[in-house]
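**Student:**
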Amino acid sequence: MGATKRILVVDDEKGIRFLLSEALLREGFEVTLARDGQESLERLEKADFDLVITDINMPRLDGIEMLKSMKKIGRKEKVIIMTGNPSELGLPDKEMPHIASKLLKPFGIDNLLSAVIAAMGSREVPHKSEYWHAATA
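With this note's numbering applied, the sequence shown covers 9 to 145.
Structure follows, in structure tokens:
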């Protein structure tokens, strides 16, 4: 396998950040966390990522404004957006470049990993864990 894939997880809910981080770490990804869109832009200034997973509704700078800022500064990371509001899944993709997938909360870990695999362009998770398969079955 090549270099470890780096993922930035952005969500204002600590529990969501923790669960996503743990799931992705178990599968062999390197994970960086941010509490909102503003903090994610600060992380993006310091490092490159293969994928950004972000909530839409957050304080300070929401996911939509974060994506617009990413576009303005020329960031090309693929993005998975998450939301608890089904109407937000219909947001026009042209306003949000590089959207690889949209997930409606709550979603299962298998749904997350499938979206990550598709976004990364690989067919398999680096280290598929028996734990997550059993926990989501």
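Every residue, glycine too, gets a C-beta built ideally from N, C-alpha and C.
Source: prediction; values computed, not measured.
Can you give the Cα-Cα distance for Leu75 and Ala123, rounded to whole angstroms?
**Tutor:** 18 Å
**Student:** So what does DSSP say about Asp118, is it helix, strand or coil?
**Tutor:** helix
**Student:** From this set, Ala108, Ile64, Ile81, which residue's C-alpha is nearest Asn93's C-alpha?
**Tutor:** Ile64
**Student:** Just to confirm the assignment, what range does the alpha helix (DSSP H) spanning Arg27 have?
**Tutor:** Note that residue 27 is Leu in the sequence shown, not Arg. 22-34 is the extent of the alpha helix (DSSP H) around Leu27.
**Student:** By DSSP's criteria, Ser109 is part of a beta bridge. Which residues make up the other side?
**Tutor:** Ile88
**Student:** Can you grab the Cα-Cα spacing for the pair Ile125 / Leu59, in whole Å?
**Tutor:** 10 Å
**Student:** Helix, strand or coil for Ala127, going by three-state DSSP, please let me know.
**Tutor:** Ala127 falls in the helix class under three-state DSSP.
**Student:** Would you call Ser95 buried or exposed, if buried means 16 or more other Cβ atoms sit within 10 Å of its Cβ?
**Tutor:** Ser95 comes out exposed.
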